[in-house]
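Top line first, the protein sequences correspond to chains S and B. According to my numbering, the first sequence is numbered sequentially starting from 823. According to my numbering, the second sequence is numbered sequentially starting from 173. A short worksheet on the structure shown next.
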Amino acid sequence: MKARIHITLKNGVLDPQGKAVGHALASLGFGGVEEVRQGKYIELDLTETDRAKARETVDRMCRTLLANTVIENYEIDLG
Amino acid sequence: MKAAVIVFPASNCDRDVAVSIERTSGVKPLMVWHRETTLPDDLDLVVVPGGFSYGDYLRSGAMAAHSPIMREVKSRSERGLPVLGICNGFQILTEAGMLPGVLMRNARLRFICRDVYLRVETHDSLFTDRYETGETVRIPIAHHDGNYFADDATLKEIEDNRQVAFRYCDEEGEVRPEVNPNGSRANIAGVFNRDRTVLGMMPHPERLAEDILGGADGKPLFLSLVEALS
Chain S
823 MKARIHITLK
833 NGVLDPQGKA
843 VGHALASLGF
853 GGVEEVRQGK
863 YIELDLTETD
873 RAKARETVDR
883 MCRTLLANTV
893 IENYEIDLG
Chain B
173 MKAAVIVFPA
183 SNCDRDVAVS
193 IERTSGVKPL
203 MVWHRETTLP
213 DDLDLVVVPG
223 GFSYGDYLRS
233 GAMAAHSPIM
243 REVKSRSERG
253 LPVLGICNGF
263 QILTEAGMLP
273 GVLMRNARLR
283 FICRDVYLRV
293 ETHDSLFTDR
303 YETGETVRIP
313 IAHHDGNYFA
323 DDATLKEIED
333 NRQVAFRYCD
343 EEGEVRPEVN
353 PNGSRANIAG
363 VFNRDRTVLG
373 MMPHPERLAE
383 DILGGADGKP
393 LFLSLVEALS
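Shown next as structure tokens:
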């Protein structure tokens, strides 16, 4: 089973890298971008076949290591 | 004072801080590799040094925070063993949950390597006793991820408990947004845990701890520790 994890900065946490990317897009002539927020995408190949168990384990992985919940949110997709 | 310096793959300030400790305490610190799982019983201090442990993979300090030796550092610190984290060490201590907040990418995205002025917020700790409260000191920073962030509730708690050790200021000691090098909230350069037995700081006191290095404002920090822990 694959777990796809999106890690994003929480609302209210400044994202200077996203801002710089936004400026770069504007200077390349791409208009209409109001805000850029940069995050991380992590893909895991799991041996677990039980979806509930897999979700529980991946959630623990996120809280322990993959995300820093002081500043980041995470979303898990199993497929 | 018997100190241990933790060494991770890509630590690079471990030997500098060992020199500062030896020159002030007269005792060579123990260098402890990250794969170790125990620390000696009669230890007085643990130093988590600067560097780029594990290549800053995932987030600065995130991998090191979960290395075998950090489990021991954390459990001993919970029983009162003093811990000092400098630069990457500060990042590791926040990632390990031993200090509040987190160190994010510098607001202007640049690696900054230069001397800064710091206001010592309190002399009332085993790390800062040899400074005066409100004193201005000059100590270098060298980091890419030194932008201290804590949410409003945590920040209030830190301020209410007087856990801020150092703030970025100007030469006269005034804490102003213009002299904040990295975007840190409330110009915070160093914080204590609640009991003030753990200190994390982005500036490098070991880099200006001898006149021959161009300044000695970092030395009182080590002298404070030696006095308190010997």
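Ideal Cβ placement from N, Cα and C applies to all residues, glycine included.
- CA-to-CA, the gap between residue 364 (chain B) and residue 867 (chain S) works out to about 40 Å.
- Beta bridge pairing from DSSP links residue 895 (chain S) with S:830.
- Judged by beta-carbon spacing, residue 401 (chain B) lies within the 8 Å limit of residue 254 (chain B), meaning their Cβ atoms are closer than that value.
- With 16 or more neighbouring CB atoms inside 10 Å of its own CB, residue 394 (chain B) falls in the buried class.
- Approximately 5 Å separates the beta-carbon atoms of residue 897 (chain S) and residue 828 (chain S); this is inside 8 Å, confirming the contact.
- Annotation for residue 286 (chain B): the continuous beta strand (DSSP E) segment containing it runs 284 to 292.
- Ranked by how close their Cα comes to the Cα of residue 366 (chain B), the residues B:260, B:331, B:217 have B:331 in first place.
- Counting only the Cα atoms, residue 219 (chain B) lies some 40 Å from residue 845 (chain S).
- From the beta-carbon of residue 825 (chain S), no residue of chain B is found nearer than 7 Å; the closest lies around 16 Å away.
- The beta carbons of residue 299 (chain B) and residue 371 (chain B) sit closer together than 8 Å.
- For the options B:302, B:391, B:293, the alpha carbon positioned closest to that of residue 346 (chain B) is the one of B:293.
- A Cβ of chain S is located within less than 8 Å of the beta carbon of residue 273 (chain B).
- Remark: fewer than three beta-carbon pairs, one from each stretch, lie closer than 8 Å, so the stretch 233 to 246 of chain B and the stretch 281 to 291 of chain B are not flagged as touching.
- Below 8 Å, too few C-beta pairs join the stretch 277 to 284 of chain B and the stretch 210 to 217 of chain B to call them touching: fewer than three.
- Residue 312 (chain B) is bridged by DSSP to B:287.
- By the neighbour-count definition (other C-beta atoms within 10 Å, threshold 16), residue 196 (chain B) is a buried residue.
- The residue from B:188, B:183, B:226, B:194 with its alpha-carbon nearest to that of residue 174 (chain B) is B:194.
- One finds 838, 839 in chain S with Cβ atoms closer than 7 Å to the Cβ of residue 277 (chain B), taken in chain order.
- According to the DSSP assignment, residue 200 (chain B) belongs to no alpha helix (DSSP H), since it is labelled neither H nor E.
- Of all C-beta pairs linking the stretch 335 to 349 of chain B to the stretch 876 to 890 of chain S, fewer than three are shorter than 8 Å, placing the two stretches out of contact.
- Using a Cβ-Cβ cut-off of 8 Å, residue 893 (chain S) counts as an interface residue toward chain B, since at least one Cβ of chain B sits closer than that to its own.
- With a cutoff of 8 Å on beta-carbon distance, residue 291 (chain B) and residue 306 (chain B) are scored as near each other.
- Of all residues in the stretch 219 to 253 of chain B, only 230, 231, 234, 235, 237, 238 place a beta-carbon less than 9 Å from a beta-carbon of chain S.
- From the beta-carbon of residue 215 (chain B), no residue of chain S is found nearer than 8 Å; the closest lies around 27 Å away.
- The contact set of residue 835 (chain S) on chain B, defined by CB atoms closer than 8 Å, consists of 276, 321 in chain order.
- DSSP places residue 239 (chain B) outside both helix and strand once states are collapsed to three, so it counts as coil.
- The beta carbon of residue 850 (chain S) does not come within 8 Å of any beta carbon belonging to chain B, so the residue lies off that interface.
- Taking 8 Å as the cut-off, the Cβ atoms of residue 201 (chain B) and residue 176 (chain B) count as close.
- Per DSSP, residue 354 (chain B) lies in no alpha helix (DSSP H) segment and is marked neither H nor E.
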